[in-house]
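The numbering of the sequence shown is numbering that gives the first Met the number 0, which starts it at 0 and goes up by one. The C-beta atom is built at its ideal place from N, Cα and C for all residues, glycine as well. Please read these numbers as outputs of a predicted model, since none were measured by experiment. One structure is given here, and the rest of the page talks about it.
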Amino acid sequence: MKRICVLPGDGIGPEVVESAVAVLKAVTDELEFEYAEIGQSAFGKVGSTMPDETLDLLRKCDSALFGAVTSSDSMADASPVLRFRKELDLFANLRPVKNYVKLAGRPSIDVVMVRENTEGLYTQNEQYDDKGVTTLRRVTRAASERIVRFAIDYSLKNARKSICCVHKSNVLRASDGLFVSVFRELMASEGRELEAREQLVDSAAMKLVNSPHEFDVVVTLNLYGDILSDVAAGTAGGLGFAPSGNLGKVHSVFEPAHGSALDIAGKAVANPTATILAGAMMLDHLKLRNEAAMIRQAVKSTYDSGHLTMDIGGRHGTKGFTEHVVRRLKRGAS
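Dropping the structure here:
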């Protein structure tokens with residue numbers, strides 16, 4: 000039995016997490032779910048967006064499923080997401096983007112974003128003075144090496160053919176230059192079976208819209224990966240189709256790439272697909288690969304049968320779509 004820490008969070012987080020848990024329960028009885036507080040809901044109760052009890056449970060569980068949190072300038076805490084990434088050393092952010100439904104005017108896409116998850120501009124090291132704000136951007140050889148190694152290892156294990164390093168070293172010559180240098184070194188020594196490619200971040204954004212078939216696996220720095228994965232998700236149908244995994248040597252947290260979407264919270268219209276697929280990623284990580292494949296097939300079959308969610312012009316809300324996926328799993332995805 001695997002212990003799963005469930006963090007519903009804010010906004011649509013509880014709704015989409017409920018859907019994902021229902022799907023996981025339909026496909027396996029090997030998971031034990033334990034719930035904890037995070038985000039504004041936790042702040043209102045205990046004065047912290049990331050209670051120590053939640054971090055303790057995250058450390059004790061085999062993995063975690065997270066919904067979303069709402070950021071607020073009035074909160075005393077820093078981002079709970081950045082905090083658990085730091086505390087649990089979740090150095091790799093894995094964001095696969097793939098079409099699960101064909102949409103008119105949008106090209107096919109099957110790209111895996113591998114994003115460095117611990118440094119860059121997300122160190123939250125900002126200093127005020129009388130002239131403005133100075134932000135420290137940190138890029139280290141150690142962090143660059145382990146994220147590139149992660150991308151190589153993932154690509155080899157998943158029969159991927161190429162890795163593209165996305166950067167802006169023509170301007171940020173020292174920091175991005177270090178990242179590119181590490182990429183070239185490790186691809187030459189450890190990734191020789193893979194094609195090594197490089198792309199400037201601005202042109203990469205354009206190509207993810209116009210010609211996403213040019214990309215297979217992308218490895219990049221923190222901010223670039225955050226932005227580019229959303230661009231890629233738009234090609235696939237939107238953030239409702241974008242799962243995400245935060246991975247370290249010991250711990251892992253899986254989540255949808257979208258936020259709390261307060262404008263639609265409580266209306267039962269949120270697309271749960273990203274969170275359901277994040278659950279499938281978690282099963283892969285826990286070596287329940289057959290069950291993960293069953294979930295993905297059930298999701299695809301549901302869309303192929305014309306059961307579309309409201310965000311792409313369909314009529315199904317959160318629960319309606321989830322019920323179709325669960326029914327397919329219970330009778331065998333077809």
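The beta carbon of residue 309 lies closer than 8 Å to those of 268, 270, 315 and 316 in the same chain, with the five residues before and after it left out.
Between residue 214 and the set 1, 179 and 109, the nearest pair of CA atoms involves 109.
The beta carbon of residue 177 sits closer than 7 Å to those of 138, 140 and 143, all from its chain and outside the five residues before and after it, given in chain order. For residue 116, the number of other beta carbons within 10 angstroms of its own is at least 16, and it is reported as buried. Residue 22 sits buried, since 16 or more C-beta atoms from the chains shown fall within 10 Å of its C-beta. Under the three-pair Cβ rule at 8 Å, the stretch 254-264 counts as touching the stretch 230-246. Residues 208 of the same chain have their beta carbon placed closer than 8 Å to that of residue 233, with the five preceding and five following residues left out of the count.
It is roughly 21 Å from the alpha-carbon of residue 204 to the alpha-carbon of residue 136. Residue 3 places its beta carbon 8 Å or farther from that of residue 55. About 17 Å separates the beta carbon of residue 15 from that of residue 307, a gap too long to meet the 8 Å contact definition. Residue 125 counts as exposed, since fewer than 16 other beta carbons sit within 10 angstroms of its beta carbon. For residue 211 and residue 104, the gap between their C-alpha atoms comes out near 13 Å. According to DSSP, residue 18 shares a beta bridge with no other residue. Cβ contact annotation for residue 299 (same chain, cutoff 7 Å, sequence separation greater than five): 99, in chain order. Of the other Cβ atoms in all chains shown, 16 or more fall within 10 Å of the Cβ of residue 47; this residue is therefore buried. Between residue 89 and residue 250 the beta-carbon gap is near 6 Å, inside 8 Å, which marks them as a contact.
Judged by DSSP secondary structure, residue 318 falls within the alpha helix (DSSP H) whose first and last residues are 317-330. In the same chain as residue 206, and ignoring 5 residues on each side of it, the C-beta atoms closer than 8 Å to its own belong to 198, 213 and 214, in chain order.
Within the same chain, and ignoring the five residues on either side of residue 147 in sequence, the residues whose Cβ sits closer than 7 Å to its Cβ are 181, 182, 185 and 218. Comparing C-alpha distances from residue 122 to each of 161, 220, 128 and 196 shows the shortest one belongs to 220. C-alpha of residue 293 to C-alpha of residue 78: approximately 34 Å in a straight line.
As a beta-bridge residue in DSSP terms, residue 92 pairs with 114 and 245.
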